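These notes are about the structure you will find just below.
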Amino acid sequence: MIEQATALFRVSTRGQGFTDISDKVTAWVHDVGAREGLLTLHVKHTSCSLTIQENADPDVRHDLLIALDGLAPRGADYRHSIEGPDDMPAHIRTMLTATSLSIPVIDGAVQLGTWQGLYLIEHRDAPHERAIAAHLSFEG
Amino acid sequence: MIEQATALFRVSTRGQGFTDISDKVTAWVHDVGAREGLLTLHVKHTSCSLTIQENADPDVRHDLLIALDGLAPRGADYRHSIEGPDDMPAHIRTMLTATSLSIPVIDGAVQLGTWQGLYLIEHRDAPHERAIAAHLSFEG
Amino acid sequence: MIEQATALFRVSTRGQGFTDISDKVTAWVHDVGAREGLLTLHVKHTSCSLTIQENADPDVRHDLLIALDGLAPRGADYRHSIEGPDDMPAHIRTMLTATSLSIPVIDGAVQLGTWQGLYLIEHRDAPHERAIAAHLSFEG
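Protein chains in written order, with our numbering: chain A, 62 to 201; chain G, 62 to 201; chain P, 62 to 201.
Below you can see the structure in the form of structure tokens.
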């Protein structure tokens, strides 16, 4: 019989950059006792986002941030500027990455690949408290 | 006991731009009677897409469209041109944004943040009738 | 009563390009016997990704690759270069496209639109064996 569980994760960020949430999320799936199921994460903001990326070489995250800076530069002529020069680029970067992610759970393991980490990407300059809604449908 | 419901939403667009589908979607979740569950939306096209973005300042959507125009410009030298100069950019913009989204439902509320709206982005110049397939797994 | 099924799909790629996985995936959904439900795919890598794109004119995929080349060029000054000049662009292209996708199943049919195909995009130069974790919650 399939059951479900939900949770709200809080993530404190320190300005623009990646926060690894893999351990927090996989610990929850383990605590719930899921053997097989589906995990879904949804970030409740429009100026930070989710991604699954390489967790080995930190230079990868550095280069990803540089890439996002180039794709949604701060200096562009945005109409929406009242929340600061980092806000509109943050919305664009959110649109280009992910707001929700879904990952199967098989044999008790969230099906992340060997080099995959789950990250929240903060796109604003200032530290923020961010919320991620999580859902798990599972059999134990 | 977990149940499921499905629906097909029709969205009429008026050419390139954002259509807010939040009310339509959350009304359906309410009518189905979901107290806890998972909502999934999938747009059945390759020249329009889905995104979750700020619903407060309309200038944000204006700037997002300008950004997409820059990332996938009309004037580029595309091989696929038989459907018009707006078609290939529309495919690229769809690839860079989202075709499917999943959002948990907790305590009867679709877990959109305070400033999050659900949008269909029309990437073609002409008005279109678009279809979104929706799925809800839930307990009432 | 809702049931679930999981699978691990193997996809052999021949270097940068699109591999159509629509038939493989929809055949599995049919074999499982799903009449109504939710299909989720998650690719277990950070240098290839998933997308849903036009399956009619192959020129579309050609132009999509050119677009990704432009958005995440090989020649940029990346810190992460030890895995070759195609690796960091591959991570960026993965971040800009999709790692997971969810599609409702209604009346026995995965709700892909008429022109929608499910693709794995290989972003590396060399052929790779790729793994996709799949989950299906369904009623038969």
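Built from N, CA and C at the ideal position, the CB exists for glycine as well. This one's a predicted model, so the numbers in the text were calculated from it and none came from an experiment.
Which one of the options has the shortest CA to CA distance from residue i?
i, options, result
"residue 86 of chain P", "P:160, P:69 and P:96", "P:69"
"residue 125 of chain A", "P:168, P:155 and P:170", "P:155"
"residue 128 of chain A", "P:127, P:164, P:123 and P:135", "P:135"
"residue 121 of chain P", "G:153, G:99 and G:121", "G:153"
"residue 168 of chain A", "P:183, P:196 and P:158", "P:196"
"residue 159 of chain G", "G:66, G:97 and G:193", "G:193"
"residue 107 of chain P", "P:182, P:67 and P:96", "P:182"
"residue 74 of chain P", "P:200, P:201 and P:191", "P:191"
"residue 95 of chain A", "A:66, A:140, A:81 and A:104", "A:66"
"residue 140 of chain G", "P:123, P:199, P:188 and P:93", "P:123"
"residue 164 of chain G", "G:184, G:142 and G:199", "G:199"
"residue 184 of chain A", "A:157, A:97 and A:89", "A:157"
"residue 105 of chain G", "P:201, P:63, P:186 and P:172", "P:172"
"residue 151 of chain A", "A:109, A:93 and A:137", "A:109"
"residue 119 of chain P", "P:137, P:79 and P:161", "P:79"
"residue 138 of chain G", "P:72, P:100 and P:131", "P:131"
"residue 201 of chain P", "P:189, P:71 and P:170", "P:170"
"residue 91 of chain P", "P:117, P:166 and P:189", "P:166"
"residue 102 of chain A", "G:189, G:162, G:187 and G:93", "G:162"
"residue 188 of chain A", "A:97, A:99, A:63 and A:76", "A:76"
"residue 97 of chain G", "G:133, G:186, G:142 and G:64", "G:64"
"residue 174 of chain P", "P:62, P:117 and P:142", "P:117"
Which residue marks the beginning of the beta strand (DSSP E) containing residue i, and which one marks its end?
i, result
"residue 191 of chain G", "190-200"
"residue 103 of chain A", "97-104"
"residue 68 of chain G", "64-73"
"residue 80 of chain P", "78-81"
"residue 165 of chain G", "161-167"
"residue 178 of chain G", "177-183"
"residue 111 of chain G", "109-115"
Considering residue i, what are the terminal residues of the alpha helix (DSSP H) in which it resides?
i, result
"residue 143 of chain P", "It is not in any alpha helix (DSSP H) - residue 143 of chain P carries neither H nor E in the DSSP assignment."
"residue 129 of chain G", "119-132"
Three CB pairs or more closer than 8 Å across the stretch 176-185 of chain G and the stretch 104-120 of chain G: yes
Members of the stretch 126-148 of chain P that neighbour chain G once the beta carbon cut-off is set at 9 Å: 127, 128, 129, 131 and 132
Counting Cβ pairs closer than 8 Å, one from the stretch 82-99 of chain G and one from the stretch 129-146 of chain P, do we hit at least three? no
Residues within the stretch 92-106 of chain P neighbouring chain A, beta-carbon criterion of under 7 Å: 101, 103, 105 and 106
Residues of the stretch 148-166 of chain A with a CB closer than 7 Å to any CB of chain G: list them in chain order, please. Flagged, chain order: 149, 152, 153, 156, 157, 160, 161 and 163.
May I ask you to list, following chain order, the residues of the stretch 172-190 of chain G that have a beta carbon less than 9 Å from some beta carbon of chain P? none
Taking any Cβ of chain A, which residues in the stretch 62-84 of chain P have a Cβ under 7 Å from it, in chain order? Against chain A - using a Cβ distance shorter than 7 Å - the residues of the stretch 62-84 of chain P are 63, 65 and 67.
In chain order, what residues of the stretch 107-123 of chain A put their CB closer than 7 Å to some CB of chain G? For chain G, the residues of the stretch 107-123 of chain A that bring a beta carbon within less than 7 Å of one of its beta carbons are 107, in chain order.
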